[in-house]
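Here's the structure we're looking at; comments come further down.
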Amino acid sequence: MGNVLQLLLAGLATGAIYALAAAGFALLWQTARTINFAQGEFVMLPAFFVLAGTEWLGLPLGLAILLALVLALLVLGLLFKRAIVDPLLPQGVLPVVIATIAVGILLKESVKEFYSAEAQPFPSLVAGGTLHLAGAVLSLQDIAVLLVAGLAILAMQLFLTRTRLGRMMQATAQNPEVALVLGIPTRRMVLYTFLLNAALVTLASILISPVYLAKFDNGETLGLIAFIAAIVGGFNQIRGAIAGGFLVGVVDNFGAAYLSSDYRTGILLLLLIAVILLRPHGLWGRAEERTV
Amino acid sequence: MSAGRLAGPAIGLAVTILLLLLPLTLRGYGIYLMSLWAVLTIAAMGLNLTLGYAGQVSLAQGAFVGIGAYAAALLTTAGWPLALGMAVGVGLGLIVGWLLGYPALRVQHHYLAFVTLGANTLLFLVFRNEDWLTGGVYGIPGIPRPRIFGLATDDPLVFYYFCLAMLLLVTLALGLLLRSPWGRAFEALRENPVRAESLGIDTRRYTLLAFAIGSAVGSLAGTVYAPLVQYIDPYPFALGMSLNLLLMVVVGGSGRFFGPWLGAAIAVLLPEWLRFSEGLYLVFYALLVILVLVFLPGGLMGIAERLRLGRRPVAG
Amino acid sequence: MRRRELLSAIALLALAAPSLQAAETVRIADVIELSGNGATVGNMWKNAVEMAVEEINAAGGILGRSIEITHFDTQSNPGVSRAAVQKALDLDPYVVLGPIYSSSTKVNMQLTRQAGVPQIVGSEASVITEMGNPFIFRTSLSQAASMPKLANYIRDGIGAKSVAVLWVNNDFGRGGRDAFVAEMEKRGIKVVADISSEVGQSDFAADVVKIKQAAPDAAFVYLHEEESARFLREARKQGLDVPLIGETTLLNQKVIELAGEAANGVRGHVGLSADAPLPSIAAFRDKFVARYDTTPDHNAIKGYLAVYTVKEITERIGGFDRKAFADALHCTTITLEQEPGILIETSWDDKGDVDRVSFLAEVVDGKQKIVDTLPPLGVTCN
Numbered sequence: 000m001g002n003v004l005q006l007l008l009a010g011l012a013t014g015a016i017y018a019l020a021a022a023g024f025a026l027l028w029q030t031a032r033t034i035n036f037a038q039g040e041f042v043m044l045p046a047f048f049v050l051a052g053t054e055w056l057g058l059p060l061g062l063a064i065l066l067a068l069v070l071a072l073l074v075l076g077l078l079f080k081r082a083i084v085d086p087l088l089p090q091g092v093l094p095v096v097i098a099t100i101a102v103g104i105l106l107k108e109s110v111k112e113f114y115s116a117e118a119q120p121f122p123s124l125v126a127g128g129t130l131h132l133a134g135a136v137l138s139l140q141d142i143a144v145l146l147v148a149g150l151a152i153l154a155m156q157l158f159l160t161r162t163r164l165g166r167m168m169q170a171t172a173q174n175p176e177v178a179l180v181l182g183i184p185t186r187r188m189v190l191y192t193f194l195l196n197a198a199l200v201t202l203a204s205i206l207i208s209p210v211y212l213a214k215f216d217n218g219e220t221l222g223l224i225a226f227i228a229a230i231v232g233g234f235n236q237i238r239g240a241i242a243g244g245f246l247v248g249v250v251d252n253f254g255a256a257y258l259s260s261d262y263r264t265g266i267l268l269l270l271l272i273a274v275i276l277l278r279p280h281g282l283w284g285r286a287e288e289r290t291v
Numbered sequence: 000m001s002a003g004r005l006a007g008p009a010i011g012l013a014v015t016i017l018l019l020l021l022p023l024t025l026r027g028y029g030i031y032l033m034s035l036w037a038v039l040t041i042a043a044m045g046l047n048l049t050l051g052y053a054g055q056v057s058l059a060q061g062a063f064v065g066i067g068a069y070a071a072a073l074l075t076t077a078g079w080p081l082a083l084g085m086a087v088g089v090g091l092g093l094i095v096g097w098l099l100g101y102p103a104l105r106v107q108h109h110y111l112a113f114v115t116l117g118a119n120t121l122l123f124l125v126f127r128n129e130d131w132l133t134g135g136v137y138g139i140p141g142i143p144r145p146r147i148f149g150l151a152t153d154d155p156l157v158f159y160y161f162c163l164a165m166l167l168l169v170t171l172a173l174g175l176l177l178r179s180p181w182g183r184a185f186e187a188l189r190e191n192p193v194r195a196e197s198l199g200i201d202t203r204r205y206t207l208l209a210f211a212i213g214s215a216v217g218s219l220a221g222t223v224y225a226p227l228v229q230y231i232d233p234y235p236f237a238l239g240m241s242l243n244l245l246l247m248v249v250v251g252g253s254g255r256f257f258g259p260w261l262g263a264a265i266a267v268l269l270p271e272w273l274r275f276s277e278g279l280y281l282v283f284y285a286l287l288v289i290l291v292l293v294f295l296p297g298g299l300m301g302i303a304e305r306l307r308l309g310r311r312p313v314a315g
Numbered sequence: 000m001r002r003r004e005l006l007s008a009i010a011l012l013a014l015a016a017p018s019l020q021a022a023e024t025v026r027i028a029d030v031i032e033l034s035g036n037g038a039t040v041g042n043m044w045k046n047a048v049e050m051a052v053e054e055i056n057a058a059g060g061i062l063g064r065s066i067e068i069t070h071f072d073t074q075s076n077p078g079v080s081r082a083a084v085q086k087a088l089d090l091d092p093y094v095v096l097g098p099i100y101s102s103s104t105k106v107n108m109q110l111t112r113q114a115g116v117p118q119i120v121g122s123e124a125s126v127i128t129e130m131g132n133p134f135i136f137r138t139s140l141s142q143a144a145s146m147p148k149l150a151n152y153i154r155d156g157i158g159a160k161s162v163a164v165l166w167v168n169n170d171f172g173r174g175g176r177d178a179f180v181a182e183m184e185k186r187g188i189k190v191v192a193d194i195s196s197e198v199g200q201s202d203f204a205a206d207v208v209k210i211k212q213a214a215p216d217a218a219f220v221y222l223h224e225e226e227s228a229r230f231l232r233e234a235r236k237q238g239l240d241v242p243l244i245g246e247t248t249l250l251n252q253k254v255i256e257l258a259g260e261a262a263n264g265v266r267g268h269v270g271l272s273a274d275a276p277l278p279s280i281a282a283f284r285d286k287f288v289a290r291y292d293t294t295p296d297h298n299a300i301k302g303y304l305a306v307y308t309v310k311e312i313t314e315r316i317g318g319f320d321r322k323a324f325a326d327a328l329h330c331t332t333i334t335l336e337q338e339p340g341i342l343i344e345t346s347w348d349d350k351g352d353v354d355r356v357s358f359l360a361e362v363v364d365g366k367q368k369i370v371d372t373l374p375p376l377g378v379t380c381n
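Those protein sequences? They're chains A, B and C, same order as listed. At position 110 of the first sequence the residue is numbered 109 (numbering that gives the first Met the number 0), and the sequence of numbers has no breaks. At position 144 of the second sequence the residue is numbered 143 (numbering that gives the first Met the number 0), and the sequence of numbers has no breaks. At position 237 of the third sequence the residue is numbered 236 (numbering that gives the first Met the number 0), and the sequence of numbers has no breaks.
Below, the structure written as structure tokens:
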């Protein structure tokens with residue numbers, strides 16, 4: 000029983016990170032028809048912005064995180080949109096997909112060359128220590144990850160559904176033509192989506208790196224699992240992607256423990272293929288009216 | 000007789016002479032790179048058929064190269080001739096490729112990218128985990144080079160000419176295929192599936208065919224790859240190779256017949272040209288891909304085309 | 000008349016110059032992981048090789064010839080490593096050094112064999128010396144040589160009756176796991192959990208739960224550096240109270256740095272270590288730190304002694320004959336008295352496998368501490 004709970008909690012803590020990455024992924028798709036194959040690298044990068052701040056510039060951690068957020072907004076938000084998505088989107092979805100594959104390679108190799116090929120320890124915002132719960136052990140770190148990610152998701156949902164700006168973004172996502180007619184500055188809304196995604200990946204990066212270390216190729220696995228999470232949950236709905244993140248985190252842990260560790264990744268991929276073929280809009284997504 | 004009409008055959012002749020004579024001046028390493036180029040070009044031409052002509056994205060081409068390589072390695076190390084390995088490899092590629100085409104009937108574009116990406120990783124896991132068949136992580140050593148009409152190809156130069164001959168055969172076969180009604184059906188599929196259907200083209204059948212043939216050509220490349228490197232393990236056939244092949248097709252010019260020739264040449268030679276930059280060559284490569292996508296949607300072959308088109312009114 | 004003599008003298012000099020130059024240098028090719036996942040280990044090796052070459056050249060070279068070293072990058076990729084060895088062989092080198100990754104060595108060792116060029120590698124997979132290749136030589140203990148020593152320690156030092164094995168599912172991990180399980184069977188120790196994990200895996204919660212459920216007397220952990228660190232942190236978090244045993248990597252300084260406090264208490268076998276209680280290794284360590292401002296690891300020691308092995312064996316055979324070199328490096332020992340640059344007395348058997356003392360170590364307060372020195376296994380030669 001303790002073990003089952005342990006696996007469940009560990010799956011949820013990791014799943015929270017997947018949920019953040021998957022939510023950003025879904026947002027980009029909804030508002031900008033952008034499939035970001037570099038989303039994993041997007042999560043990897045801000046941790047190195049932080050490390051560059053603390054190690055190279057000697058900044059205190061808080062200031063370095065702020066710097067990382069600003070850099071992420073500029074590079075992963077603004078620059079990504081202007082330099083990659085804007086010129087390529089008119090050509091269709093596929094060129095953007097291919098370009099983001101190249102962006103992923105670019106980010107990964109740049110970090111390796113200009114920072115380090117080795118895994119780096121990353122400062123934690125939370126004190127060490129553990130909490131025992133019905134036979135399972137949770138670190139304060141895990142609890143912080145769950146709490147912060149949960150709050151961020153909640154805040155994002157409230158922002159998107161309760162504020163004027165958020166509703167305008169939602170409207171842009173659901174029907175850009177109508178939104179434009181209604182006088183919503185859709186172009187600016189699209190830009191906000193890219194910035195929101197940059198903020199989400201920065202948060203995910205800062206939460207996950209103290210636990211799993213910062214390394215240039217972390218994005219490979221993380222990105223793959225975040226896609227799977229988004230598609231399984233349904234990536235035309237933010238809440239679908241988020242639920243998918245948690246589900247995939249839990250399935251991964253139980254699969255590795257009770258089914259097969261050799262085929263650990265395979266279990267998730269089979270889930271992915273099954274969902275795409277049987278329920279292409281995802282377990283909690285809505286069917287798309289647009290042709291995909 | 001305009002100069003433009005002659006340019007094509009003239010370039011073709013020059014390239015053929017270069018490919019035949021250049022290796023005579025090279026040592027082992029140069030010959031190996033040219034052989035590798037020929038093999039990768041075959042695989043990329045297969046993907047170009049699926050992606051460039053029929054418009055179906057596949058991120059699993061590397062796994063199909065793996066299927067061919069394992070078929071050739073297992074059969075030739077057991078004493079069978081490479082020709083049988085090729086037949087089995089291509090046959091398996093056709094079957095698995097046909098099966099992979101089924102998801103393409105239901106989903107398109109990015110969904111298809113995800114399905115094929117998943118399929119690639121699943122096949123990699125099978126290569127790695129089913130060690131009773133594939134030798135698992137230990138791989139298969141000592142893959143022999145074939146005898147062609149009684150001629151041993153152990154010498155690197157002789158084996159290079161074998162690779163080149165395979166490339167020319169594949170090029171010829173694909174050229175004929177694309178001129179046939181099938182080829183026109185593939186292109187109709189890419190341009191407008193709905194219209195293709197209304198014209199009486201069985202889109203379902205041609206989608207599956209595009210996957211099956213493109214994948215089988217990838218497997219054929221694998222059956223040449225195995226005797227080239229003489230040792231295979233699962234790692235070259237992970238997602239990385241599929242992504243590289245995709246980038247080769249795009250850089251060369253997706254849907255341009257000779258695009259993969261150029262794309263593969265750049266992928267193979269770029270690390271050589273950028274030797275001074277040490278590890279940075281992948282950074283440059285990624286930048287090149289992005290620049291090509293943004294500024295040259297037709298790939299590098301697109302430039303040549305544009306130049307020719309631009310010149311035609313003057314020349315004509 | 001005079002002018003003609005002068006001219007012919009110049010012509011003679013010009014003709015002689017290339018051969019004179021050739022007489023003064025000996026070319027060694029280093030094919031190593033300079034980029035890709037193996038960049039860290041490869042650069043350790045490369046830096047140590049550079050250091051050894053400069054020392055030897057400064058002291059007059061090998062038999063009066065100075066070493067001309069060329070480095071080739073394998074990108075940590077077996078296919079590329081094959082091309083790199085091909086390229087290295089085009090230079091007609093006397094000896095090839097590297098690579099470290101076993102998957103790369105397995106692909107490229109056929110080429111040096113065909114060319115008849117000795118190759119001294121940093122790889123540890125057992126299979127490399129099992130193919131009857133007369134030109135392949137190691138610089139460190141193979142997995143097949145390390146595991147018996149480790150198995151004895153688990154039986155006698157820990158007193159374990161059952162073990163769990165956690166390994167990384169590639170040729171390094173699988174090779175170590177297979178050799179380890181065979182040694183456990185020989186000693187009648189039961190393997191109660193056999194768990195594979197992925198390269199780059201970040202979440203080890205399920206792996207720790209599986210070890211807990213199997214409740215073994217000890218757990219053997221055979222992963223790469225950062226996966227080791229992630230595992231150790233998760234094990235500490237879940238309060239896994241089983242002795243954690245490792246082989247070289249798990250006790251590596253990098254792992255200790257990444258895992259922090261969670262690495263304390265880890266025990267195991269170390270083939271080569273910069274912390275070995277030997278004055279020669281301590282002196283090497285100081286030289287390396289002074290030059291590169293970083294602590295050398297076992298890969299640096301391997302690269303350094305590879306170059307000095309070339310020097311010593313060449314001086315023994317008295318010439319630059321590749322075949323004679325390969326013959327002389329079989330069934331032989333290089334002692335510290337014969338060549339101080341070997342750092343630690345080393346023997347080679349008839350297959351090119353290495354034998355030497357090794358160490359038992361423990362991580363105490365964030366430092367690797369050598370607690371015991373184990374004798375060599377004893378070389379078998381026909």
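In this text, a Cβ means the ideal position worked out from N, Cα and C, and glycines have one as well. Everything numeric in this text was worked out from a predicted model, so none of it was measured.
- A direct Cα-to-Cα measurement between C/Gly270 and A/Ala67 gives close to 42 Å.
- Among the residues facing chain C, B/Arg26 is included, as its CB has a counterpart in that chain under 7 Å away.
- Only exposed fits B/Ile10, as fewer than 16 other CB atoms lie within 10 angstroms of its CB.
- For C/Arg26, the uninterrupted beta strand (DSSP E) segment begins and ends at Thr24 to Ile31.
- Excluding five sequence positions before and after A/Gln236, the CB atoms of its chain that fall closer than 8 Å to its own CB belong to Ala25, Gly281, Trp283, Gly284 and Arg285, given in chain order.
- Listed in chain order, the alpha helix (DSSP H) runs fully inside the segment 135-215 of chain B are 155-178, 180-190 and 192-197, counting runs of at least 4 residues.
- By the neighbour-count criterion, in which a residue is buried when 16 or more other Cβ atoms sit within 10 angstroms of its Cβ, B/Asn191 is exposed.
- Sequence-distant partners of C/Ala150 (beyond 5 residues in either direction) whose C-beta falls short of 8 Å from its own C-beta, in its chain, are Phe179, Glu182, Met183, Lys185, Arg186 and Ile188.
- For C/Ala204, the closest Cβ of chain A is nearer than 7 Å.
- Pairing C/Ala323 with C/Val94, the inter-Cα distance amounts to about 12 Å.
- Using a Cβ distance threshold of 7 Å, A/Gly248 and A/Gly232 do not count as a contacting pair.
- Interface flag for C/Val378 against chain A is unset, since no Cβ pair is found closer than 7 Å.
- One Cα belongs to B/Tyr224, the other to B/Ser218, and the distance between them is close to 9 Å.
- Straight-line spacing of the CA atoms in B/Leu50 and A/Tyr191 works out to 33 Å.
- For C/Gly238, a Cβ of chain A is located within less than 7 Å of the residue's own Cβ.
- Under the Cβ criterion of 7 Å, A/Thr13 is counted among the residues facing chain C.
- Listed in chain order, the alpha helix (DSSP H) elements of length 4 or more contained wholly in the segment 275-363 of chain C are 278-291, 297-316 and 321-327.
- By the neighbour-count criterion, in which a residue is buried when 16 or more other Cβ atoms sit within 10 angstroms of its Cβ, A/His131 is exposed.
- Contact check for C/His70 and C/Leu110: beta-carbon distance about 17 Å, past the 8 Å limit, so the pair fails to qualify.
- Residue environment: B/Glu129 is assigned as exposed (fewer than 16 neighbouring CB atoms within 10 Å of its CB, all protein chains considered).
- In the DSSP annotation of this structure, the continuous segment of the beta strand (DSSP E) that includes C/Arg266 starts and ends at Arg266 to Val269.
- Taking a Cβ-Cβ threshold of 7 Å, none of the residues of chain B is close to A/Phe47; the smallest such distance is about 15 Å.
- In terms of beta-carbon proximity, B/Pro235 lines the interface with chain C, with at least one pair separated by less than 7 Å.
- With a beta-carbon spacing of about 5 Å, C/Ile194 and C/Lys209 fall inside the 8 Å limit used to define contacts.
- With respect to the 7 Å criterion, A/Phe253 and A/Leu11 are not classified as neighbours on the basis of their beta carbons.
- Taken residue by residue, none of the segment 352-372 of chain C has a beta-carbon sitting less than 9 Å from a beta-carbon on chain A.
- In the three-state reduction of the DSSP assignment, C/Asp170 falls in the helix class, which pools H, G and I.
- Contacts between B/Tyr69 and chain A, judged by CB atoms closer than 9 Å, are missing: the closest CB pair is about 18 Å apart.
- Residues of the segment 113-143 of chain C that bring their beta carbon within less than 8 Å of a beta carbon in chain B comprise Val126 and Met130, in sequence order.
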